Structures are given as structure tokens and as C-alpha cells.
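From first to last, the protein sequence lines stand for chains A and B.
The numbering used here puts the first residue of the first sequence at 5, with every later residue one more than the last.
The numbering used here puts the first residue of the second sequence at 5, with every later residue one more than the last.
Just so you know, even glycine gets a beta-carbon here, dropped at the ideal spot from N, CA and C.
These numbers were taken from a predicted model, which means no experiment stands behind them.
Take a look at the structure set out below.
Number of protein chains: 2
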Amino acid sequence: MAATLTTRGRETRQRIIEATGQQILAGGIGGTTLDGVRAATLTSKSQLFHYFPGGKTELVREVAAWEGQQLLDAQLPWLDDLSTWESWHAWRDALVDYYLRLGRWACPIGSLAWEAAATDPALAGFVADAMRLWRGKLADGIRRMSEAGHLEAGVDADRMAAAILAAVQGGLMLSQPERSSWPLEAALDSLLDVLRSRTLPEHVDAERSVSSLKQDAP
Amino acid sequence: MAATLTTRGRETRQRIIEATGQQILAGGIGGTTLDGVRAATLTSKSQLFHYFPGGKTELVREVAAWEGQQLLDAQLPWLDDLSTWESWHAWRDALVDYYLRLGRWACPIGSLAWEAAATDPALAGFVADAMRLWRGKLADGIRRMSEAGHLEAGVDADRMAAAILAAVQGGLMLSQPERSSWPLEAALDSLLDVLRSRTLPEHVDAERSVSSLKQDAP
């Protein structure tokens, strides 16, 4: 449907999506009403249903899709690479920065997961797919690290990727009440330490200290 | 108030709390109504307000307190010890078993965190305190490990405890759509591997392999 809209129509539709996202962050899906969205965007009921014939259910899913895309975009280009330690560190910093800029210590996708699980199975499925896509990209990066010889054999990329993503989501949950990134950073960095502990011995030396290599040289 | 109730009164009150907990798990706080609780427990409106004068808000907090206590109890006696690797492994197994028995791959406390943050600041504060208490017990265990000489110096107990609890909460979030404990176990075990990687060298040998020690012996 979005393809048939005028530029102005697309802008209005996007404005409605973003305002709904703000309401969900502030009051959960349960606290979000079409009347509230209309008031925030100065749109009429017929306009709202013109852009979102499926009403609130459709609107919430569009919000999830848009916020999921923003979240992935914020991790680019590193999330699609992750073939070097530099790429992992840049990814880690970009992700923490993204949540810092959001200013709420909540993952727009992750925070929907629990509420959706209880109220909207289709949305819960969408959130789960977004998490699997994200987890898959991390696993691909771990495989690239192994293929490039940066990691020892036997690292289970899927389990490691799940652990890293769990650290992000759980770290955010603990960061929110502290109004600080330290739990997120503690969790994420611990997992990156796990990955680093699987570095092949020669790569540990190369990474850690060039001078130590020189000492070993004849 | 509970102190002044008869045995039968206490049972009724507890029955209402547990039925409300079930409704929250099934439909979130937003999907829980006093009418629904009354229907599930066959209680009248006046009975409900007799036990919970503060209405739904009070009831939801009592549910959180009760479920938080169940969660802590399920981790005993190990959560109050954690001074040996055996204690850490028994704690880990008891916690995974607890979530398996719940059968929903959701933490009763953790799943309230996001919704409460958006809707009920007092409840959000209660959940945050429960998380801090839990995190504090893990940090105490890490300090006991250091004091007993099982861990090398310099392990930051508070950061490590936050990372472990984040792994539990984030791992559950990823386990729910998979209907499997593997993401939870992958995340939790990765963090326990981090802790183990900080074992003092002689303890690594003693833990990992008695036979390797024998090989080293003259």
C-alpha cells in the first residue's frame, strides 16, 4: 500500500508510525490508543484507517518493523561484517551508542517481546523472527572469524551468538532502573571476552602486544 | 494486614494472588482485570477489596512480591552460598529447572519489568529492587569464591554478577519463542565459563583433570 502513496502521504504515514512508537515506549502496547495517536499527530480517524486499515494491530506491527530496521541500520556496516576484532569493537560501540541516544535503556524490539507474547501471537512471531535474524548475523560474523583463522576450531557460532544477544537484551533490562549503561556494557563485554578467549594463540599475541612478539623473536 | 487474617482468609488471599499471577502471565498487566480475577477465584467484589483495598495496583504488587519470593526460594540453598564450583553448578541447574517447571520461558519478575517501567513506577521500583537483591547475592558468591582462593585477584564481583543475571534474563527472552532452554543455557553457561576462566591456575588443574596433575608429578 505504501507504494501507492504520494510523498506527503508517506510522510504522514511515517509520522503516525513514529508517534505510535513513542506512545508504546511511554505506556506499552496496552497503554497505546488510536485516540492518543490521533491527538499526537493531529489526524482524523478516517485518515488513520486510510493508512492503517487493520487499526491498532497493524499499526503496532508497522512500528515494530520500522524500529527493528532502525536498530539494524544503527549496527551497519559492522553487523554485516564482524570478520575482524576491529569490526566487533566498532559494532559493540555503535550498539551501545544507539541505546544511549534512545535515552530509555530499552530495546524497541526486545521490550515488545514480553508484552507481545502475552497479547499478540503474530507480533510475538514477528519479534522472534527479528531476534533470529539479528542472532543469525552475529553467528555469521563468528563463522567469518573462524574462517579467517582468528578463532580456534570448535566455537559453536549459534550458541555464542545467542549468548551475545542475550547479554544485550538482559543487560538493557538491568540498565534501565540504574539509568546507566554499565550493566549493558558489563554483560556485552563479558561475552566479547569469551569470544576473545577462543582466539588462536598466535592471534592473541598479535592482538595484545606487538612488543611481546618482539621479545620472543630471536 | 495478612497477620490479622484467619487461616481460611489467608488461603483465599493467596488463591487470589496466584490466580492474578496466572492472568498476568497469560495477558500481561494490561490484560488483567479484577473481573477476570473474580471469575477465576469465585470471589465477590467486596471480598476482593477486603483483601486488597488498593485494588488492582496493590494486587499486582503482591503478585510480584510472591513470585519474586518463589524465584529466590527455588535457588536456595545455593544462592546464599556460591562459595564453591559445586554450589555454582547446583545453583545453575536449580534455576534452569525452575524455569522449565514454570513452562513458559519467562521470568515472572523479569517479564514485569518492561511493562511496569511503562505503566507503574512504584512496581518498576519494586522489580528493580528485586533484581538488585538477586544481583547482590550473586556478587556475594563471587566475593566468597575470591576469598576462598578459587578466583584470581581483580575479578569485579558487581560487574560479573550483572553479566550473569543479564544472561539469565536475556537468555529467557530468546528461549521463549524457541520453546527450548538452549538459548538460556548457552548464555548462562558462557558466563559461568568467564568466571571459570578467572580460576587460579592450581585450581584449574584441580578442577579440570586429576590425571593431568598426575602426569605432571615426578
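Asked: Beta-carbon gap between S179 of chain B and W109 of chain B smaller than 8 Å; Found: yes
Asked: Given A128 of chain A as reference, the closest of B:R42, B:E182 and B:E66 once Cα atoms are compared; Found: B:E182
Asked: Residue span of the alpha helix (DSSP H) that contains I146 of chain A, given as start and end; Found: P125 to E151
Asked: Touch test, the segment 89-104 of chain B against the segment 135-153 of chain A, Cβ-Cβ under 8 Å, three pairs minimum; Found: no
Asked: Interface flag, L169 of chain B vs chain A, CB-CB below 8 Å; Found: yes
Asked: As assigned by DSSP and simplified to three states, the class of L155 of chain A; Found: strand
Asked: Per-residue burial, G72 of chain B [other beta carbons within 10 Å of its own, 16 or more giving buried]; Found: buried
Asked: Contact residues within the segment 140-160 of chain B, judged by C-beta distance below 9 Å to chain A; Found: D160
Asked: Interface flag, E119 of chain B vs chain A, CB-CB below 8 Å; Found: yes
Asked: Where P187 of chain B falls, given that 16 or more other Cβ within 10 Å makes a residue buried; Found: buried
Asked: Assumed close pair S194 of chain B, L195 of chain A - CB separation to whole angstroms, cut-off 8 Å; Found: 6 Å
Asked: DSSP state of I20 of chain A mapped onto helix, strand, coil; Found: helix
Asked: Buried versus exposed call for P125 of chain B [16 or more other C-beta atoms within 10 Å across all chains shown]; Found: exposed
Asked: Residue from A:A69, A:D160, A:W118 and A:A190 whose Cα sits closest to the Cα of A171 of chain A; Found: A:A190
Asked: Integer Cβ distance of G25 of chain B from T123 of chain A, believed to fall under 8 Å; Found: With 8 Å as the limit, G25 of chain B and T123 of chain A do not qualify as a contact, their Cβ atoms being about 17 Å apart.
Asked: Residue-level contact to chain A via CB, V67 of chain B, 8 Å cutoff; Found: no
Asked: DSSP-derived helix/strand/coil call for A210 of chain B; Found: Confidence at A210 of chain B is low in this model, with a pLDDT of 46, below 50, so its placement is unreliable and no value can be given for it.
Asked: Backbone CA spacing between W138 of chain B and S201 of chain A [nearest angstrom]; Found: 28 Å
Asked: Environment of D220 of chain B [buried if 16+ CB atoms lie within 10 Å]; Found: Here the model assigns D220 of chain B a pLDDT of 39, short of 50, so the residue's position is not dependable and the matter cannot be decided.
Asked: Validate contact between the segment 16-30 of chain A and the segment 54-64 of chain A using beta carbons, cut 8 Å, 3 pairs; Found: yes
Asked: is_contact[D197 of chain B, chain A] using C-beta, thresh 8 Å; Found: yes
Asked: Status (buried if at least 16 other CB within 10 Å, exposed otherwise) for S50 of chain A; Found: exposed
Asked: For T11 of chain B, three-class secondary structure by DSSP; Found: helix
Asked: Pairwise C-alpha distance: L80 of chain A and I28 of chain B; Found: 37 Å
Asked: Local conformation of S91 of chain A per DSSP, three classes; Found: helix
Asked: Residues bridged to T203 of chain B (per DSSP); Found: B:L155
Asked: Alpha-carbon spacing of L176 of chain A relative to T10 of chain B, whole angstroms; Found: 43 Å
Asked: Under 8 Å between C-beta atoms of A143 of chain B and A167 of chain B; Found: no
Asked: Neighbourhood of D162 of chain A by C-beta, 7 Å cutoff - its chain only, sequence neighbours within 5 removed; Found: A143
Asked: Residues near G40 of chain B by beta carbon distance below 6 Å, same chain, minus five either side; Found: Q27
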